[in-house]
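Numbering (this note's numbering), first residue to last: -8 to 252.
So, in structure tokens, the structure goes:
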């Protein structure tokens, strides 16, 4: 294993912030890009929803001086599971994204039918739609990141894996990180949610193994999904840089000045 990969693994292990009420919360800071510039620590975070934070969790997050939340959940999701946020949060931006018409009912139907292929196809379609149909929301996402003067910011969705994962792919790509780092951060969600997911599967009382496997498929990520992101971007927009700059209007130099050191 190269020194770069060893450093990468170390950085990603230490970036996780342990919370009782959210298992998929981490700081992207500390990663080193192709130009040997590091992403500043405690300035950009990614997570799932924060509706079950404990008082201890909120106290811990308050020490991070988080000031801004960018929430990709739908209006229905935010209404059903409102965030519990630390006092430091001054601004929340809602940029609702619902690729594949994500609803609790649609997910429940796929799981109930034990439709493993359907779950897989559903997620592939979600990532395709994120690339092609949600450019407005991700343009606004980057506008917020480029104009918040480097204030500590969290971006999230419900599970912190698809809508948030795609945002992280774009963000790290814009800052010129190696694909190894981008892939490893994306796949780290499985490590983060694994223990909690095992408990959930055990407690749900699924009727058969197909149902539990289908639920697991929907709640995790895999390399094929991020491959699909890059191939969709290449097929439609020729390159990631072209997509970032021409479709999303990103100024990479501004982002680098704010987030790298």
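C-beta atoms are modelled at their ideal positions from N, C-alpha and C, and glycine is treated no differently.
DSSP has residue i in a bridge; who is on the other side?
i           : result
residue 38  : 147
residue 17  : 7, 37
residue 256 : The structure shown has nothing for residue 256, since the chain only spans -8 to 252.
residue 30  : 251
residue 138 : According to DSSP, which records beta bridges pairwise, residue 138 is partnered with nothing at all.
residue 62  : 85, 147
residue 23  : 29
Closest to residue i by C-alpha separation, out of the options, would be which residue?
i           : options            : result
residue 179 : 211, 31, 138, 113  : 211
residue 190 : 199, 203, 198      : 203
residue 37  : 233, 218, 154, 114 : 154
residue 243 : 21, 193, 165       : 165
residue 236 : 134, 182, 183, 109 : 134
residue 161 : 122, 185, 12       : 122
residue 120 : 246, 232, 219      : 219
residue 85  : 95, 132, 45        : 132
residue 232 : 163, 32, 70, 100   : 163
residue 217 : 14, 115, 77        : 115
residue 126 : 136, 47, 54, 240   : 240
residue 42  : 201, 11, 177, 230  : 11
residue 47  : 173, 13, 33        : 13
residue 177 : 214, 196, 187, 185 : 214
residue 246 : 70, 140, 54        : 140
residue 103 : 234, 26, 195       : 195
residue 128 : 158, 188, 112, 137 : 158
residue 58  : 79, 33, 49, 50     : 79
residue 33  : 183, 188, 54       : 54
residue 234 : 17, 124, 182       : 124
residue 174 : 184, 112, 156, 185 : 156
Below 8 angstroms CB to CB, which residues in the same chain sit around residue i once its five sequence neighbours on both sides are set aside?
i           : result
residue 98  : 209
residue 149 : 39, 40, 64, 68, 72
Skipping 5 residues on each side, what residues in its chain have a beta carbon closer than 6 angstroms to that of residue i?
i           : result
residue -4  : Annotation note: pLDDT 49 at residue -4 (below 50); position unreliable, coordinate value reported separately. There are no such residues.
residue 264 : No information on residue 264 is available, as it lies outside the stretch -8 to 252 that the chain covers here.
residue 118 : 216, 219, 220
residue 152 : 180, 212
residue 52  : 77
residue 16  : 8, 10, 38
residue 188 : 210
residue 259 : No answer is possible for residue 259: the residues shown for the chain start at -8 and end at 252.
residue 130 : 239, 240
residue 35  : 19, 144
residue 192 : 203
residue 197 : 203
Who are the Cβ neighbours of residue i in its own chain at under 7 angstroms, not counting the five residues just before and after it?
i           : result
residue 106 : 205
residue 30  : 19, 20, 21, 22, 166, 250, 251
residue 95  : none
residue 110 : 101, 205, 208, 209
residue -8  : Reliability fails at residue -8, whose pLDDT of 43 lies under 50, so the model's placement of it is uncertain and the value that follows must be treated cautiously. Nothing listed; no residue qualifies.
residue 199 : 105
residue 201 : 105, 107
residue 26  : 167
Just checking my contact of residue i with residue j at CB under 8 angstroms: how many whole Å lie between their CB atoms?
i          : j           : result
residue 87 : residue 65  : 5 angstroms
residue 24 : residue 168 : 5 angstroms
residue 81 : residue 44  : No, residue 81 and residue 44 are not in contact; Cβ-Cβ is about 18 angstroms, not under 8 angstroms.
Taking 7 angstroms as the CB-CB cut-off, is residue i touching chain B?
i          : result
residue 80 : Of the protein chains in this structure there is only one, and it is not chain B.
**Message:** Taking contact to mean 3 or more Cβ pairs, one atom from each stretch, closer than 8 angstroms, check whether the segment 138 to 148 and the segment 50 to 62 are in contact.
**Reply:** Yes, the segment 138 to 148 touches the segment 50 to 62.
**Asked** With a cut-off of 8 angstroms, do at least 3 Cβ pairs link the segment 213 to 226 to the segment 6 to 13?
**Response** Fewer than three Cβ pairs drawn from the segment 213 to 226 and the segment 6 to 13 lie within less than 8 angstroms of each other, which leaves the two stretches out of contact.
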